[in-house]
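Here is the structure we will look at, set down as structure tokens.
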Amino acid sequence: MSLLQNSIVVIAVLFTGCGFHLRGDIDLPPAWQPLEVQSESLPLATQRDLQRMLDQANVKVVEKDAAAQLRIISENIKKKVLSVDSFGRVYEYDLEYSLNYALTLRGEPAAAETGEELTADLPGGIIALSGSYRFDPLAVLAAQDEEQRVVSELRQKALQQMMRRMAKFKARQKNQPPDK
Numbered sequence: 014m015s016l017l018q019n020s021i022v023v024i025a026v027l028f029t030g031c032g033f034h035l036r037g038d039i040d041l042p043p044a045w046q047p048l049e050v051q052s053e054s055l056p057l058a059t060q061r062d063l064q065r066m067l068d069q070a071n072v073k074v075v076e077k078d079a080a081a082q083l084r085i086i087s088e089n090i091k092k093k094v095l096s097v098d099s100f101g102r103v104y105e106y107d108l109e110y111s112l113n114y115a116l117t118l119r120g121e122p123a124a125a126e127t128g129e130e131l132t133a134d135l136p137g138g139i140i141a142l143s144g145s146y147r148f149d150p151l152a153v154l155a156a157q158d159e160e161q162r163v164v165s166e167l168r169q170k171a172l173q174q175m176m177r178r179m180a181k182f183k184a185r186q187k188n189q190p191p192d193k
């Protein structure tokens, strides 16, 4: 083997040994599957992006009787003027995107006679991102397209961040010492 091939093998072994994963590689625990997703109040674009990410992570999504439940509580987009030109016309907008979610893990029945289930609320939260774009009053349609592109990018980044947080919680849970 050449020096280049040996170097590539050594680097690959080092990366896998330290737990390195590609950014898009999300590994949710089997205990969270199947997963129930509640996101009916969201725009179709957000539901579609979330479904695509769950499919890429090989997460089985069901409508009921799931081991875990992911609730997308809200999605908000605020548009603010970022800068104006010398005539007082809007030159640039800032978009603030936020995604509020919660994750619940359902457990085994607490008592056979009551049929109650133990549940655990796992860390959810709010993911807030922002982006900006220039507004040209002479090209309003192009500015609207640019706004939609920025919103789409922010949405995808927020959903990816949510999936990474869920995967990190799994890794943290696995590395915790057992209770005594």
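Each step along the sequence shown adds one to the number in this note's numbering, with nothing skipped, and position 42 is 55.
Just so you know, even glycine gets a beta-carbon here, dropped at the ideal spot from N, CA and C.
Predicted model, so just to flag it, every value in this text is computed and none were measured.
Less than 8 Å separates the beta-carbon of leucine 63 from that of leucine 172.
An exposed status is given to glycine 138, since fewer than 16 other beta-carbon atoms sit within 10 Å of its beta-carbon. A direct Cα-to-Cα measurement between isoleucine 86 and valine 50 gives close to 11 Å.
For the options Pro42, Ile21, Ser54, Lys91, the alpha carbon positioned closest to that of leucine 67 is the one of Pro42. In the three-state reduction of the DSSP assignment, lysine 92 falls in the strand class. The Cβ atoms of leucine 108 and valine 163 sit closer than 8 Å to each other.
Note on valine 72: 16 or more other CB atoms within 10 angstroms of its CB, so buried under the neighbour-count rule. The alpha carbon of phenylalanine 148 has as its nearest neighbour, out of Glu88, Tyr104, Leu118, Ser96, the alpha carbon of Tyr104. Pairing aspartate 98 with alanine 180, the inter-Cα distance amounts to about 45 Å.
Only residues of its own chain outside the window of five on either side were considered, and among them Val72, Lys73, Ala80 have a CB closer than 7 Å to the CB of glutamine 46, listed in chain order. Nearest in C-alpha terms to arginine 119, of all of Ala25, Leu48, Ile24, is Leu48. In the three-state reduction of the DSSP assignment, glutamate 166 falls in the helix class, which pools H, G and I.
A direct Cα-to-Cα measurement between isoleucine 90 and serine 111 gives close to 7 Å.
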